[in-house]
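Numbering (the numbering used here), first residue to last: 1 to 402. Every residue gets a Cβ at the ideal spot worked out from N, C-alpha and C, and that includes glycine. Structure, as structure tokens:
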Amino acid sequence: MQVICALRWGSFIALGVERNNAYAILLLPSQWSRPGEVGDLTGAYQYRFCDRERSRRASWGILADTIGWRWAFLLQVPIALIAIVSVSLAPRYLYPLIHDDSSLKSKIRRVDFLGSFTLVLTVFLLLGLDNGGNVSWSAPLTISPLTSSALFSILFPITEHTAREPPAPTQVILSRALTSSYLVNFFGVAVNMHMLFHLSLYFQAMCGFSASRVGLWFIPSVIGGVAGSLIGGLIMQATGKFYWVTVAGYLLLLAGAVPVVLMSGVVVTSSAGLVLGLVIASIGNGGGITTSLISLIANTGHADQAVATAVSYLFRSLGSVVGLSVRSTLVQGTLHTVLKRELAGEDVDVDELVRQVRHSLDSITTLPRSLRVIMRHAYGEAVHIVFWFTVALAGVTVVAAV
Numbered sequence: 001m002q003v004i005c006a007l008r009w010g011s012f013i014a015l016g017v018e019r020n021n022a023y024a025i026l027l028l029p030s031q032w033s034r035p036g037e038v039g040d041l042t043g044a045y046q047y048r049f050c051d052r053e054r055s056r057r058a059s060w061g062i063l064a065d066t067i068g069w070r071w072a073f074l075l076q077v078p079i080a081l082i083a084i085v086s087v088s089l090a091p092r093y094l095y096p097l098i099h100d101d102s103s104l105k106s107k108i109r110r111v112d113f114l115g116s117f118t119l120v121l122t123v124f125l126l127l128g129l130d131n132g133g134n135v136s137w138s139a140p141l142t143i144s145p146l147t148s149s150a151l152f153s154i155l156f157p158i159t160e161h162t163a164r165e166p167p168a169p170t171q172v173i174l175s176r177a178l179t180s181s182y183l184v185n186f187f188g189v190a191v192n193m194h195m196l197f198h199l200s201l202y203f204q205a206m207c208g209f210s211a212s213r214v215g216l217w218f219i220p221s222v223i224g225g226v227a228g229s230l231i232g233g234l235i236m237q238a239t240g241k242f243y244w245v246t247v248a249g250y251l252l253l254l255a256g257a258v259p260v261v262l263m264s265g266v267v268v269t270s271s272a273g274l275v276l277g278l279v280i281a282s283i284g285n286g287g288g289i290t291t292s293l294i295s296l297i298a299n300t301g302h303a304d305q306a307v308a309t310a311v312s313y314l315f316r317s318l319g320s321v322v323g324l325s326v327r328s329t330l331v332q333g334t335l336h337t338v339l340k341r342e343l344a345g346e347d348v349d350v351d352e353l354v355r356q357v358r359h360s361l362d363s364i365t366t367l368p369r370s371l372r373v374i375m376r377h378a379y380g381e382a383v384h385i386v387f388w389f390t391v392a393l394a395g396v397t398v399v400a401a402v
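Shown next, in the form of structure tokens:
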């Protein structure tokens with residue numbers, strides 16, 4: 001996937017499929033440790049994950065400004081190969097977990113192909129949202145994917161209910177004890193991805209920051225996510241409680257989202273204030289993700305823990321992808337509306353202008369001064385709308401946590 005993303009501009013969503021494989025490692029603490037230690041171990045895994053993210057975000061900006069963004073993916077290929085070899089040479093104490101003497105034919109019979117097929121086809125929603133924001137909501141290529149997505153979303157739970165060994169059993173997906181954990185994973189990750197992507201867009205399009213500088217500004221938020229995850233695990237170990245820790249975490253997420261929108265020009269313009277809001281939100285989201293995972297494990301029987309945890313990561317991945325798709329729709333729609341209003345009567349192809357800027361933010365600097373000012377103003381309005389939408393999502397996350 002890293003190679004594909006480096007070679008093709010439109011293949012980034014495929015990276016999400018590959019990235020989900022890494023989530024499997026977080027199933028291990030619940031299998032190897034006592035319940036009181038799961039929070040600490042999960043927090044430690046989150047620490048290592050966030051430590052990698054911190055280094056990656058800073059280095060990716062530098063690579064984008066020097067040898068090119070494609071190398072941010074290509075340089076990960078050797079690391080991915082090392083990971084493949086490491087898993088292939090798994091230590092012997094893992095063998096009971098992964099060893100299976102059944103034949104290949106019997107394994108294939110256990111695969112729920114129909115359920116997997118209907119789940120994958122729900123991604124038509126993303127195609128419909130993207131096409132609606134960039135082309136037209138009445139276009140056939142918008143209506144057809146949205147209709148197909150709704151149809152397959154209905155068929156998926158039906159097929160899972162009748163399957164012999166469904167990957168996402170309905171009794172696990174629809175369990176009232178687990179619904180809250182699923183929803184906070186979906187909305188919490190969507191909020192976090194919204195803020196990360198749109199602050200990056202804001203810093204580059206509105207403030208004129210380079211990719212390297214944006215990466216450095218994001219480092220405090222990653223440290224905040226690490227701190228939130230570890231603190232959440234320690235509090236759970238000390239108190240044995242996770243409900244109020246989870247609610248407090250997502251209240252912090254909401255508290256961080258509010259100053260982000262207010263300090264992006266709605267009340268005052270402050271880059272430091274934006275970073276501070278992102279740090280607060282990252283602390284809350286980091287703690288909330290850890291504690292919601294522990295609450296899910298605590299409310300699930302040991303036999304269903306792996307499936308329930310996998311479903312939670314499914315919701316987390318859907319939150320990030322759907323959130324970014326909705327974000328793109330809001331941004332592109334607002335850009336078209338504002339530019340057509342501001343450039344009415346001018347001999348300017350608005351669709352081509354938006355396409356160029358969407359392909360590369362650097363193209364803003366090549367525009368004539370008058371167009372550059374209008375484009376930055378349009379991006380400002382688009383980002384404000386998305387930030388307000390992010391605040392609303394953060395509020396929904398708090399409600400889901402309660």
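Any idea what DSSP makes of S148, helix, strand or coil?
-> Helix.
Since I231 is in the alpha helix (DSSP H), which residue starts that stretch and which ends it?
-> For I231, the enclosing alpha helix (DSSP H) stretches over residues 211-239.
Limits of the alpha helix (DSSP H) - the one that V386 falls within | Here the alpha helix (DSSP H) through V386 covers 369-401.
Among residues of its own chain, excluding the 5 on either side of G36, which ones have a beta-carbon nearer than 7 Å to its beta-carbon?
-> Because G36 sits at a pLDDT of 48, beneath the cut-off of 50, its placement in the model cannot be relied upon, and the following sentence gives the value as read from the coordinates. Only residues of its own chain outside the window of five on either side were considered, and among them Q237 have a CB closer than 7 Å to the CB of G36, listed in chain order.
Report the option in H359, R358, L353 whose CA atom is closest to the CA atom of P368.
-> Nearest option by C-alpha distance: L353.
Where does S320 fall in DSSP's three states?
-> Helix at S320.
Cα-Cα, which of R355, T300, S292 is closest to F315?
-> Residue S292 is the option with its Cα nearest to F315.
Would you mind stating whether A394 and V172 have Cβ atoms separated by less than 8 Å?
-> No, they are not a contact pair.
Would you kindly work out how many angstroms separate the C-alpha atoms of L330 and I385, rounded to a whole number?
-> Distance between the alpha carbons of L330 and I385: 8 Å.
Out of curiosity, what's the CA-to-CA distance linking E381 and T334?
-> Going by the C-alpha atoms only, they are around 7 Å apart.
Straight-line gap, V267 to G273 (C-alpha atoms, nearest Å) | About 11 Å.
Exposure label - G39; buried when at least 16 CB within 10 Å = Because G39 carries a pLDDT of 48, less than 50, the predicted location of this residue cannot be relied on, and no value is offered for it.
In DSSP terms, what T269 is bridged to = S264.
Along the alpha helix (DSSP H) that carries Q76, what are the first and last residues, could you check?
-> No alpha helix (DSSP H) holds Q76; DSSP gives it neither H nor E.
Can you give me the Cβ contacts of G115 inside the same chain, cut-off strictly under 6 Å, excluding the 5 residues immediately before and after it?
-> Correct list, in chain order: T159, E160, A163, P166.
Per-residue DSSP class, three states only, for M206 = Correct three-state label for M206: coil.
Go through its chain and collect everything with a Cβ distance to T300's Cβ below 6 Å, but skip five positions before and after it.
-> Here the set comprises A308.
Can you have a look at R327 and say buried or exposed, based on whether 16 or more other CB atoms are within 10 angstroms of its CB?
-> Result: buried.
When DSSP labels each residue in this structure, what does F186 get in the three-state scheme?
-> F186 sits in a helix when the DSSP states are folded into three classes.
May I ask you to verify whether the stretch 279-288 touches the stretch 225-235, counting CB pairs closer than 8 Å and requiring at least 3?
-> The answer is yes - the stretch 225-235 touches the stretch 279-288, with three or more Cβ pairs under 8 Å.
Determine the DSSP secondary structure at V120, reduced to helix, strand or coil.
-> Note: V120 maps to helix in three-state DSSP.
If you drop the 5 nearest sequence neighbours on each side, which residues of the same chain put their C-beta closer than 6 Å to that of I374?
-> Excluding residues within five positions, the ones whose Cβ falls inside 6 Å are E342.
The stretch 316-326 / the stretch 254-264 touching (three or more Cβ pairs under 8 Å) = In the pairwise beta carbon analysis, the stretch 316-326 is classified as not touching the stretch 254-264: fewer than three pairs are separated by under 8 Å.
Report the rounded CA-to-CA distance for G233 versus L253, giving the unit in angstroms.
-> Note on geometry: alpha-carbon atoms of G233 and L253 lie some 17 Å from one another.
In angstroms, rounded to a whole number, what distance separates the CA positions of C220 and A281?
-> Note on residue identity: the sequence assigns Pro, not Cys, to residue 220. So the alpha carbons of these two residues sit roughly 11 Å apart.
N-terminal and C-terminal residue of the alpha helix (DSSP H) that D304 is part of = No alpha helix (DSSP H) holds D304; DSSP gives it neither H nor E.
Contact under 8 Å by Cβ, A401 with Y250 | Yes, the Cβ-Cβ distance between A401 and Y250 is below 8 Å.
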